[in-house]
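A short worksheet on the structure shown next.
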Amino acid sequence: MRRGKKLLAAAAVLLGFAASNAQAADKELTLCWAAWDPANALTVLSKDFTRETGIKMKFEFVPWTNFADRFLNELNSKGKLCDLLIGDSQWIGGSAVNGHYVKLNDFFKKEGISMDDFLPATVYAYSTWPKGSKNYYALPAMGDALGWVYRKDWFARPELRKEFKARYGRELAPPKTQMELMDIARFFQGRVIDGKKRYGVAIYTERGSEGITMGVTSALYPFGFKYEKTPGKYDMDGAVNSPDSVKGLEFYKALYDCCTPPGHSDAYMVANLDAYKSGQVAMQMNWFAFFPGIAKDPDVGGAKSGFFVNPRQKVEASVLGGQGISVVSYSDKKDLALQYIKWFAKPEVQKKWWSLGGYSCHKAVLNDPAFPQSQPFAADFLKAMGNVKDFWQEPNYAELLQAMQKRVHDYVVAGKGTAKEALDKLVKDWREAFEDAGKL
Amino acid sequence: MTARDRTSLAQKAARATPEPVARRIRGLSDRALAWLFISPTIILLLAINIFPLIWTIYLSFTNYHANRPNMNVRWIGLRNYQRILGSEDIWGYLQVTAHFVFWTMVLQLLLGFGLALLINRNFRGSSFWTTVILIPMMLSPAVVGTFWTYLYQPQTGIFSYIVNAFYDFGPLDMIGSVKLAPWAIVIVDTWMWTPYILLLSLAGLRSIPDYLYEAAEIDRANAWQKFWHITFPRVLPFLMLAVLFRGIENFKMFDMVAELTSGGPGSTTELVSITLKRAAFESWKTGYASAFAVILFVTVFGLGNIYVKALNRVKR
């Protein structure tokens, strides 16, 4: 009898413990994103949310190399890991069509959240499907674009400036065109500065995920590359492989061949950062998301580094990065997740987000007269976001991306065939993909 | 344990068995009991091996995409197989894989067997050196691929430094060069798995009875004759077994190469397993990837069967 009472008491304690754990788990949200500097900023920012609402935040951050694999798998298998997901802009089509994301229109209406408060380019790219429609599947969370960083201190050296002017007939300054970028890269390639050999430029050449596609499009877009002759018609022949596109691809290959450090054949964000911070290169391409860290870096930060927007050639264009924050439809805590979205959309939260290193897309932040001076790269960020172009956002974007990764890496890094052949093969791959998807 | 102990143990077990269970077991034959014991394993095998294989074969005839659950899945017959077998790129990847498998086998056999011959002579410190040589094999392939990217760095990597100590080639871009990258992955795999061949060869060498060599001594056979007529034929089945295991492993090699080169530069080190992973889990062309997996399975199974027949002939 006594033993029975002891057992009952132990069971009651265990049940109480389990119940309190379950209750605690109910007031907890998991936010999934990539593991990078802005994610760290978001964990700091989210403490305010927890203080205001009592809802604890858990985070699931995955390195960029595995980010798409990990979370697309999670969504496709209707996993319940993520309540909130800051997914890539290219996922919006597939996630909307396949029901992975909650449509937010009713919620926005109920809570008085207006998409007019956000930069139109970011609403278009991060939130809407079909593109440009009024169907919203994400709140713009992290504005981003591909920009450039350069060694301002090297550019300021009188002997280098004199030599550059003598050779090219203009001042050594951030380039205004893609061809000027190539000139500067060639100028620094192999040059000995402070006793060490330096190289021109660190660009994206990564094969595994999306790196080289992002890099190549930063050259293709300014040269006039288009995905379709007529938007929405998938008439790619003559657009993707146009003479302008061929020139753009040839330019990127020439830049890779002439002006990158040895061993830079599979480089993405971190490799470019390493090459720049270790003093190997005069310029690097990278996402604006990294620029706060570079500006504060003890070795290359402060007055040593400057920033410039992706140079034009025929047109002004920058590669769109960035993400929106979505509520995962398989989550059991959609109500709590929507509370987070409501909180995140507040102008004061967005201002703090920018101050912590996140790239707000809210007009209250970006239209502030003091914004361009708030950081050394802020004005360039505004300029970039005014002319961004994104990759396909179709539901089968992953297939389209992998095809481009293969074709451009084969040409740019492995030197296989010509630029025209690479783009012709890419058109064939994409046509096959769209036929499979029933779009052609 | 005596017969008496076994009987008392059996009696204890019988007393401990609940009556409903005991009643059921009493009626079973030995054969039925045997099936009862192995059925969990069979169910597991069916669930993990057989069912996925049959399901993959079915999917290979459809247009299924795992990332499009709302899509109409249609039977498309042999279209996936036609696309794969008609693709220039796929034949390219098969060529890359064949190059990798062939050269890793040749180098690992030569080095592994050679090292085994050396280590088989008992010298001072042979156990220590055997252990040191085995270390690469104990590492994770993904870790090996990752740290070799640093060793292969043209500016700071030790590989380029060591090679240039012999001859000034300048900074060697092993991973970024179209000509060198296929050899870069061969070198890493050889470094990692030669110890495996060494172990199997050593087992073969140590199984050769001494009296054979003594008899050869009496017949005044020289070192080469002893090797060719005694050592090599006796070790050959072990070497062939090693080739079979390593060949199968390298045909499906993924992690080390994915970490080292991601299949680049371009597609110069893109092994078929990397292509398969990309098709299945990056492009989400599940039906297409299933067809490719079936083709690879049939290839390995077919080649493996032919090889095992040859191995059995050698053993006889």
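From first to last, the protein sequence lines stand for chains A and B.
Its first residue numbered 14, the first sequence is counted upward by one per residue in the working numbering.
Its first residue numbered 3, the second sequence is counted upward by one per residue in the working numbering.
Built from N, CA and C at the ideal position, the CB exists for glycine as well.
- The region 113 to 178 of chain B contains no complete beta strand (DSSP E) run of 3 or more residues.
- For Val245 of chain B, the enclosing alpha helix (DSSP H) has its first and last residue at Phe234 to Phe253.
- Residues of the region 282 to 305 of chain B whose Cβ lies closer than 7 Å to any Cβ of chain A, in chain order: Phe283, Glu284, Ser285, Trp286 and Lys287.
- Per the C-alpha coordinates, the member of A:Val425, A:Trp49 and A:Ala81 positioned closest to Val259 of chain A is A:Val425.
- Burial state of Gln386 of chain A is exposed, judged by a 10 Å Cβ sphere holding fewer than 16 other Cβ atoms.
- Judged by DSSP in its simplified three-state form, Gly315 of chain A adopts helix.
- Annotation for Ser373 of chain A: no alpha helix (DSSP H) segment contains it, and DSSP assigns it neither H nor E.
- Per DSSP, the unbroken alpha helix (DSSP H) holding Tyr213 of chain B starts and ends at Asp212 to Ile220.
- Proximity of chain B to Val426 of chain A at the Cβ level (cut-off 8 Å) is accounted for by Gly178, Gly266, Pro267 and Gly268, in chain order.
- Membership of Thr43 of chain A in the beta strand (DSSP E) is indicated by the continuous run Glu41 to Ala47.
- Leu42 of chain A and Leu97 of chain A do touch by the CB rule: their CB atoms are close to 6 Å apart, below 8 Å.
- Between Thr270 of chain B and Val180 of chain B, the CB-CB gap stays under 8 Å.
- Comparing C-alpha distances from Glu272 of chain B to each of B:Val98, B:Phe53 and B:Asn252 shows the shortest one belongs to B:Val98.
- Not one beta carbon of chain B lies nearer than 8 Å to the beta carbon of Pro171 of chain A.
- For Asn111 of chain A, the closest of A:Asn86, A:Ser368, A:Gly125 and A:Leu414 by C-alpha to C-alpha distance is A:Asn86.
- If you draw a straight line from the Cα of Arg199 of chain A to the Cα of Gly213 of chain A, it comes to about 6 Å.
- Between Asp437 of chain A and the set A:Val229, A:Gly451, A:Ser255 and A:Asp287, the nearest pair of CA atoms involves A:Ser255.
- In the DSSP assignment, Tyr163 of chain A is bridged to A:Met296 and A:Gly319.
- A straight line joining the alpha-carbon of Arg83 of chain A with that of Ser10 of chain B spans about 57 Å.
- The shortest C-alpha to C-alpha distance from Val162 of chain A to any of A:Ala377, A:Val136 and A:Pro389 is the one to A:Pro389.
- With a 10 Å radius around the Cβ and a threshold of 16 neighbouring Cβ atoms, Ala24 of chain B comes out exposed.
- In its chain, beyond the 5 residues on either side, Asp257 and Met258 have a beta carbon closer than 6 Å to the beta carbon of Pro143 of chain B.
- By the neighbour-count definition (other C-beta atoms within 10 Å, threshold 16), Ile297 of chain B is a buried residue.
- Given a length threshold of 4 residues, each whole run of the alpha helix (DSSP H) inside the region 93 to 133 of chain A is given here in chain order: 105 to 110 and 118 to 124.
- Setting aside the 5 residues that flank it on each side, Leu136 of chain B is surrounded in the same chain by Pro197, each with a C-beta closer than 6 Å to its C-beta; the list follows chain order.
- Straight through space, the alpha carbons of Tyr154 of chain B and Leu174 of chain B are spaced by roughly 8 Å.
- Contact annotation: the region 284 to 303 of chain B does not touch the region 218 to 229 of chain B, with fewer than three C-beta pairs closer than 8 Å.
- A direct Cα-to-Cα measurement between Ala109 of chain A and Asn252 of chain B gives close to 40 Å.
- Asn307 of chain B counts as exposed, since fewer than 16 other beta carbons sit within 10 angstroms of its beta carbon.
- Selection A:Lys327, A:Trp366 and A:Phe320 evaluated against Asp61 of chain A yields A:Trp366 as nearest (Cα-Cα).
- Proximity to Asp157 of chain A across A:Gly107, A:Leu413, A:Gln418 and A:Asp101 peaks at A:Asp101, based on C-alpha coordinates.
- For the 8 Å CB-CB criterion, Lys116 of chain A and Asn148 of chain A form a contact.
- Interface criterion met: the Cβ of Gln155 of chain B is under 8 Å from a Cβ in chain A.
- Within the region 50 to 66 of chain B, contact with chain A at the beta-carbon level (separation under 8 Å) is assigned to Asn65.
- When rounded, the separation of the alpha-carbon atoms in Lys239 of chain A and Pro324 of chain A is 17 Å.
- Contact between the region 134 to 152 of chain A and the region 437 to 450 of chain A is absent: fewer than 3 CB-CB pairs across the two stretches fall below 8 Å.
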